[in-house]
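Residue numbers (my numbering), protein chains in the order written: chain A, 291 to 621; chain B, 177 to 458; chain C, 781 to 1103; chain D, 31 to 344. This report refers to the structure that appears directly beneath it.
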Amino acid sequence: MTQPILTLKDVVVEFPGLRGLKGLMAPPEQRHVQAVAGISLDVQPGETVAIVGESGSGKTTLARAINGLVPLAGGEVWFDGMPLHERPDWHAVRRRVAMMFQDPSGSLSPRKTVRDLVLEPFAIHGIKLDDPGAKAADLLATAGLGPDFLARYPHQLSGGQARRVGVARALALDPAMVLADEPTAGLDVSIQGEILNLLNRIKAQHGLTTVIITHNLNILRHVADRVAVMYLGRIVELGEVEQILSTPAHPYTRALMAANPEPDPTARHERITLKGETPALNARPSGCEFHPRCPVARPECAERAPLLGPTPGAGQVSCHFPIHKDEMNTA
Amino acid sequence: MKPFRRTLAGRLLADPQAAIAMLIIAALVLAAVFADLVAPYDYSAMNLADRFARPSADYWLGTDNLGRDTFSRLLQGGRIALYVALTAVSVSALIGLALGMIAGYGPRWLDNVLLFSFDTLRAYPTIILALALAALLPRGLSTVIIVVVITSFSEYGRVVRTQTLSLKHAEFILAERAMGAGFGRIVFHHLLPNVLGPFFILAAMNLPVVITIEAGMSFLGIGVPPGTPSWGATLKDGFDHIRTTPWIIIAGGLPLILVTLGFTFLGEALRDQLDPKLRRGR
Amino acid sequence: MTDTLTIERLSVRYDTDKGPLEALRDVSMNVPAGQIVGVVGESGCGKSTLISALLHLLPENGRVSHGAIRLEGDNIVGAPPRRLRDLRGRDMSVVFQDPMTSLNPVLSIGRQMRDIQYRDGGSRTEKDRRSAEMLGRVGLPDPDGKLSFYPHELSGGMRQRVAIAMAAMMQPKLLIADEPTTALDATLEVQIIELLQELQRELGCTILFISHHLGVIAELCERVVVMYAGETVEEGPVADVFLNPAHPYTRKLIECDPGRLKQRAETLPAIAGSLPDLTDRPKGCIFRDRCDFATDACADRPDRYFVDDTHWAACHHTDEVRK
Amino acid sequence: MLHYTLQRAALAVAIVFVAISALYMVMITLPGDPTSVLLGPRATPEIRAEFRAQMGLDDPVLMQLAQFWGRVLSGDLGTDYYRDRPVADAVMGALPHTVALVVGAIVWSATLGILLGAFSADNRNTWLDRVSGVLSVGFIAAPSFVVALYALLFFAVTLGWFPTIGAGEPGDLGSRLYHLALPSFAIGLAWVGYVARIVRASMLEALGENYIRTARAFGLPRRKVIYSYALRVAILPAVQVLGVGIGGMLSSAVFAEIVFSRPGIGSLIYDSVSGRNYPLVMGAMLVAIGFFVTCALVADLINAALDPRHRKLS
């Protein structure tokens, strides 16, 4: 087995909770909330891992922690043998780890032209180009945009076009890994396909390692090799994409899959309705943190927290009573 | 090249309010530059035979208690007003810009310290502070400028800070950091251009405020040295003889009102043009 | 069967800096009483303009330039202000997309629910009782206590329940739901859809459900209207339209949904090209530039072509599309 | 809310403390020799030395500052050497006049400003809106002391409708208000303009919000939507602006008090400055800044009380 290119070990990210007078008076554990609460994950070179979760699951925070946009409160991050948790030279690291952001046009500096935007990585890293104009046009072409876009400003781009500029820019320095935060957010389904095809093509051409953050389950099968499902800052299930989609072992994963109706009026939907909403980060439930919403919770779930362990399949799940394949069929 | 009517100046001229404003400001600048050529009399020449003269063909706006020509003095006053306003606004705006960006982009503790000092400086009512400092500092335009800078840079600082703070967490700044951009590049290439719009609007809106402060301080006798024909000093002369020379008050107040009106109109028009949110239509 | 809502060739025009923009053109649809009808379309298709036109809440630069909106047979286009106010909230009510901004932040839930009952008699306590009852019905725990809450004290899902309670409380003839689940997480979306289904069964109201999510429409609605670039391109029973679309756009749209594909696809389908400029609509069929079936015939704007009594599409090549 | 109040109050106290301390330090370090100012040029060196010792002027600066605050906290603001009276008495005697003036100005600006702003927003983009817009800008642009001078010249001197001098008969409310009308209007006029602009802008913003669309979609009467739903939100920034604006009003009050020959903090400071009467200047500054910061705090708390989102902080 090859050496993983990215290794996360018990990664913890904290945000300040209560501030001011209240914060001073509150017990220490309430002064901080854990947005990411101990995540371990290996990503192999050339692999695509999708991190799936709803709002508040900590998936975006995790991606930002990997390339140092938010500080780690604990744990280790190793990228290609470099310890990113020990004050690395971020300037150098970020040259090799590119990031794509959620808001396609909001992540483009509003007073720069597209040409400046795609050349920005070269400017940042002090790379002299013989013919910057040609390079910019080249990069845009890889992302499927014509040279007539070079002179435009971000507000003159549609969501899909802005997304393409983001892709062009992420590829500019030939990175080893790309962190893509919600690559389909804000895009209509008719455009979504084009962007995903673009990503897939580039991944194949450059042998890129990719971490995709998404809440869009529909795209998983077509972009990811493995999937990690997050809930309240922890991974609750991890496995091969087909296995997760066809035989989810965690009740939450299963509810998530079921909550995603297909555009087929004849399909019989077996619904699993979860009770209530995701709890706040400063009010984590006892035991298994999913138990108040879990349709199959038993009394001990409230007392004992499950650990991430092997599933009947090849994946990992943190549940005392994971769903077995045969149960799926009878349900 | 964009056609003229689509440039900022072109769009401003198309707005009647802004056009009037620019006319007034142009008149002020011309008067200030050519005051000595245009003025019918030497602004400080006393003509005791013609004291308290009503407005006439000889003295368009009458004379004061020393027989000095009001019109000539007002022309000279424009020069003083413009000088003080431009100097004080540029100094305080630049200080405010620097501190505001430091507060907005710097570490949290520094932000708290700077914000607290902005709050503290705002607690001094301008004219009252001016009075207090007048007891300590020599009378003159530099004192006026110092008072204005002390009381107004915090306002720029506050606006720039808010703007910077909201941009600091914008995704495009995160994206820059994620690409490895350093502090200088983020601040000068990406924050600054987006902060300058509101900053210039504020500066334009502050010019008339500073002109008013200078006139006010001179009115109170703590601004320009005695004998200097600031608009405020002229008004004070009028006020001292309000029942005999009402024309000085009327004539002395008008340029002040016109100029502040002009700058305020211009500031508003600039804001409408530069701030796309406020532009009409979607 | 009577129709609660009929829209006939409705056009809406905005005056913009770049000249008139026809946001809706010849939009037609029928919403039968007691059904849930879905309106599906991507951004820029005119869904929100349609809602504003229905409620007569178009912005100042917009107006209905043509056509009719019939509520139980009465044309309400150009109705006098008094009649409009009676329409809003009593005959028609609406649940908006974003629960975070659609409730007034400085007024309590109870006050807002009391205010919309201004037409009804009864004391304050009675109105509050009705509000609490409705809140209980949409599944808010401790409904009486919630009346004194302010919107920011409730989660997004709870706020959307409050919004639904407000819309359903007046027992409207037509309830319009404008992407009511788009701002919510998937597991909450399920809860809200089930709630809407339940209310529809209990109250028997007619629901116009606007969404861009094909799966949700497929599950919730009986009929569906497909919109593209301000025009209605297809209308019919959900099963017919989704399984056997008659308009090339509908067909493409369904193909594009990656949730439909059970096998990993190397290349995902997409619709090439982009929306036409609505200030300068192309002559002929609005979808022509992006359509695989386009022929010279498409230079003329297609009228509605009825596949059967209840299913039509605005296309010259309906038969080929359905092959 | 309690936490919020305490936090803001603590901040306000800190601001007053730092602002006055800074001024005090500047006062005692900057000028050459305060004794020559306070005792006059003819005092002998012996008298000066005695005075310095008595006043603690030879102590380290921080020590003097500590002593100053010690005296202030015990209610002693020093002595007015010119008239030989406690500074506290002089300042406290003048304060009510200035407060009345500022309150009068707030009444003018809040009522007229909110009315004008709401009216403008309600009739947006009509000629009425444009006229009221030009008026508001005109009000803002007119310097308050010019307004005061013009008002004095026209309404008091020429037309004789209002008194020219003084604050009115003590104890006679009617006479007091009569004397207050012109000066408080002169101060408030600019703020009528500010408030009108702010209310109009925030009204328009509020009217574009989704919750207003909700209210209209439920058929609430237009008047109710505008004046009860939108205005309620739109007033919040106006309260904030007026709170902070009291600093500006205090500055304007100096002119109004001088132009209309009224007693008050402004004219007190003005008179003391020409005589370099430092203790009186410090005392009056302390009271003026204290008053302003308190007002800003109150505005902040009113805002929090009106806006439930604010209370979340507590």
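Note that beta-carbon positions come from the ideal geometry of N, C-alpha and C, so glycine has one too.
Does residue i come out as helix, strand or coil in the three-state DSSP assignment?
i	result
Leu53 (chain D)	helix
Met800 (chain C)	In the sequence as presented, Met is not what sits at residue 800 (chain C); that position holds Pro. If DSSP states are grouped into helix, strand and coil, Pro800 (chain C) belongs with the strands.
Ile503 (chain A)	strand
Arg516 (chain A)	strand
Glu959 (chain C)	coil
Phe405 (chain D)	One cannot answer for residue 405 (chain D) here, as it falls past the ends of chain D, which runs 31 to 344.
His836 (chain C)	coil
Ala621 (chain A)	Low confidence applies here, because Ala621 (chain A) scores a pLDDT of 39, under 50, leaving its location unreliable and the question unanswered by this model.
Gly392 (chain B)	helix
Thr35 (chain D)	helix
Ile787 (chain C)	strand
Val474 (chain A)	With the sequence shown as reference, residue 474 (chain A) is identified as Thr, and Val is not the correct amino acid for it. Thr474 (chain A) falls in the coil class under three-state DSSP.
Arg244 (chain B)	coil
Gly457 (chain B)	At Gly457 (chain B), the pLDDT of 32 sits below 50, so the modelled position is not reliable; the number obtained from the coordinates is stated separately. Three-state result, Gly457 (chain B): coil.
Gln877 (chain C)	coil
Lys299 (chain A)	strand
Leu142 (chain D)	helix
His1091 (chain C)	strand
Can the beta-carbon of residue i be found closer than 8 Å to that of residue j?
i	j	result
Gly995 (chain C)	Gly1039 (chain C)	yes
Ala306 (chain B)	Ile398 (chain B)	yes
Ile956 (chain C)	Leu834 (chain C)	yes
Lys299 (chain A)	Glu366 (chain A)	yes
Ala813 (chain C)	Thr786 (chain C)	no
Gly147 (chain D)	Arg230 (chain D)	yes
Val468 (chain A)	Thr504 (chain A)	no
Ala458 (chain A)	Leu429 (chain A)	yes
Gln940 (chain C)	Ile972 (chain C)	yes
Gly883 (chain C)	Thr244 (chain D)	Correcting the residue identity first, residue 883 (chain C) is Leu in this sequence and not Gly. Yes.
Asp381 (chain A)	Gly356 (chain B)	Inspection of the sequence shows that residue 381 (chain A) is occupied by His rather than by Asp. Contact: yes.
Leu1015 (chain C)	Trp1092 (chain C)	What sits at residue 1015 (chain C) in the sequence shown is Glu, not Leu. In this structure, Trp1092 (chain C) lies closer than 8 Å to Glu1015 (chain C) by Cβ.
Leu790 (chain C)	Val874 (chain C)	no
Glu390 (chain B)	Ala257 (chain B)	yes
Under the assumption that residue i contacts residue j (Cβ atoms under 8 Å), give the Cβ distance between them as a whole number of angstroms.
i	j	result
Gly937 (chain C)	Glu567 (chain A)	5 Å
Leu407 (chain A)	Ser395 (chain A)	Not confirmed; about 11 Å, so no contact.
Pro444 (chain A)	Ala452 (chain A)	6 Å
Phe441 (chain B)	Ile271 (chain B)	Rounded, the Cβ-Cβ distance is 27 Å, inconsistent with contact.
Flag residue i as yes when its Cβ comes closer than 7 Å to any non-hydrogen atom of the ligand FMN, and as no otherwise.
i	result
Phe369 (chain A)	With respect to the ligand FMN, the structure offers nothing, as it holds no ligand at all.
Can you pull the chain A residues whose beta carbon is under 7 Å from the beta carbon of residue i, in chain order?
i	result
Val996 (chain C)	Pro551
Gly842 (chain C)	By Cβ distance, chain A contributes nothing, its closest Cβ being about 22 Å from Gly842 (chain C), past 7 Å.
Residues of chain C with a CB under 9 Å from the CB of residue i: which are they?
i	result
Asp337 (chain D)	Pro885 and Val886
Applying a beta-carbon distance threshold of less than 8 Å, which residues of chain C neighbour residue i?
i	result
Tyr241 (chain D)	Thr881, Ser882, Leu883, Asn884 and Pro885
Identify the contact partners of residue i in chain B, using a Cβ-Cβ distance below 8 Å as the criterion.
i	result
Tyr112 (chain D)	Under the 8 Å cutoff, chain B gives no residues; its nearest Cβ is about 14 Å from Tyr112 (chain D).
Ser104 (chain D)	Correct list: empty, because the minimum Cβ distance to chain B is about 23 Å.
Run through chain C and tell me which residues come within less than 7 Å of residue i, C-beta to C-beta.
i	result
Ala264 (chain D)	Residues of chain C passing the Cβ test: none, with the nearest at roughly 10 Å.
Going along chain D in order, which residues have a C-beta closer than 7 Å to the C-beta of residue i?
i	result
Gly429 (chain B)	Val176, Leu179 and Tyr180
Give the residues of chain D in contact with residue i, contact being defined as C-beta atoms less than 8 Å apart.
i	result
Asp295 (chain B)	Leu41 and Ile45
**At least three beta-carbon pairs within less than 8 Å, the segment 34-48 of chain D to the segment 1021-1031 of chain C** = no
**Request:** Count the CB pairs spanning the segment 860-879 of chain C and the segment 198-216 of chain D that are closer than 8 Å, and state whether there are at least three.
**Result:** no
**Asked** Are the segment 429-436 of chain B and the segment 171-179 of chain D touching, with three or more C-beta to C-beta distances below 8 Å?
**Response** yes
**Asked** Are the segment 230-243 of chain D and the segment 131-150 of chain D in contact at 8 Å, needing three or more beta carbon pairs?
**Response** yes
**Prompt:** Is there contact between the segment 815-825 of chain C and the segment 1002-1019 of chain C, where contact requires at least three CB pairs shorter than 8 Å?
**Reply:** yes
**Prompt:** On the three-pair Cβ rule with 8 Å, is the segment 239-255 of chain B touching the segment 311-331 of chain B?
**Reply:** no
**Prompt:** If you pair each beta-carbon of the segment 109-117 of chain D with each one of the segment 281-288 of chain D, do three or more pairs fall below 8 Å?
**Reply:** no
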